[in-house]
Each structure stands twice: as structure tokens, then as C-alpha cells.
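Quick note: the numbering used here has the sequence shown finishing at residue 796, numbered continuously throughout.
Glycine included, C-beta positions come from ideal geometry on N, C-alpha and C.
None of these values were measured; they are calculated from a predicted model.
Structure first, then comments.
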Amino acid sequence: QTGNAIDIDAYDRATSVYFPRRVIPMLPEKLSNGLCSLNPEVNRLCMVCDMLITEEGDIHAYQFYPAVMYSHARFTYTQVAAILSNTKGLDARKFKDRVDNLLDLHGVFKSLLKARDRRGAIDLDTVETQIVCGENGRIEKIVPRVRNDA
647 QTGNAIDIDA YDRATSVYFP RRVIPMLPEK LSNGLCSLNP EVNRLCMVCD MLITEEGDIH
707 AYQFYPAVMY SHARFTYTQV AAILSNTKGL DARKFKDRVD NLLDLHGVFK SLLKARDRRG
767 AIDLDTVETQ IVCGENGRIE KIVPRVRNDA
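In C-alpha cells, the structure reads:
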């Protein structure tokens, strides 16, 4: 609801902030880590954009509708990248029932990337960094984060 306590709090924070050892969520923690989180094996209300996309990345049809989604697994970007690069590896074996889904999504990503390139979109490939902290919580080093398809 506009103007209620949660709305005002989210407006004041504007975004979630990620530090090396903690996160300050935009929404209260009970919402951001609970009701609004895509926890595995939990149904969540969502809004779907169902699209028909060609191999060239052209969108031929789409529709929006409310639905209930069931999250089968929680992945890190590193896990997805590992699965995409080695569908027989340790992560792929751990999530063997989801590998085909990830490969399908990766195919959609590549098709949309083709269309993006065809449109002449500018890739602002800036280097994102990651702060590495030691046991004492102090910054040891700042390293570039490797970008991948995940």
C-alpha cells in the first residue's frame, strides 16, 4: 500500500545494499528473506511474461498474467556458470533435474543477445570488483569479478 510503513521504509532505503559480509535489504528482513524470497520448494505468487522468441531473438508474441511459481532450486551465478560450462560436472550432477532448464534458458539468453547486437546496443562492459575480507573482517584485497553468461 502506498504510504504504509513498509512503503515508506522501502522508499527511504531505495535499494538493497550489499557489503562483503552483510546485506542491508530494501525491505524488512522478514519480507526480503522470507515471503518475497525465491526459496526452493516454495510456491510464490508472480507475474509472468510469456514470450515466443525466435532463435534470432525476435519476440513474436507475448502475454502477461498472474501465476503461482514453484522454485525448484536456489543457484548462485557461479553454480550456473559451472553447469553451463560442464553439464557432467559436480554442480550439474547435484542439480541434474534442472540442467535441461538451464540449457534452455541459456539458449534464450544467446538468442536475445543476438538481437541486442543486431540492434547495435552498446555493451558498457565495465569491470565489477569484489572485496575479499580476511578472518578479522578487514579488506585484504579488491579483485575483478569475472563476468559470465550466468
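{"Asked": "Cβ neighbour criterion (16 or more within 10 Å) applied to Lys730", "Found": "Strictly speaking, residue 730 in this sequence is Leu, with Lys absent from that position. Under this definition Leu730 is a buried residue."}
{"Asked": "Rounded separation between Ile654 and Thr648 - CA only", "Found": "8 Å"}
{"Asked": "Gln776 versus Asn782: straight-line alpha-carbon distance, rounded", "Found": "17 Å"}
{"Asked": "For Val778 and Ile788, the rounded distance between their alpha carbons", "Found": "6 Å"}
{"Asked": "Separation of Tyr664 from Leu762, as counted between CA atoms", "Found": "The sequence as given places Arg at residue 762; Leu does not occur at that position. So the two alpha carbons sit approximately 29 Å from each other."}
{"Asked": "As assigned by DSSP and simplified to three states, the class of Arg690", "Found": "strand"}
{"Asked": "Pair within 8 Å by beta-carbon distance, Leu749 and Val714", "Found": "no"}
{"Asked": "DSSP three-state assignment for Val792, whether helix, strand or coil", "Found": "coil"}
{"Asked": "At least three beta-carbon pairs within less than 8 Å, the region 739–747 to the region 721–730", "Found": "yes"}
{"Asked": "Alpha-carbon spacing of Leu736 relative to Tyr716, whole angstroms", "Found": "24 Å"}
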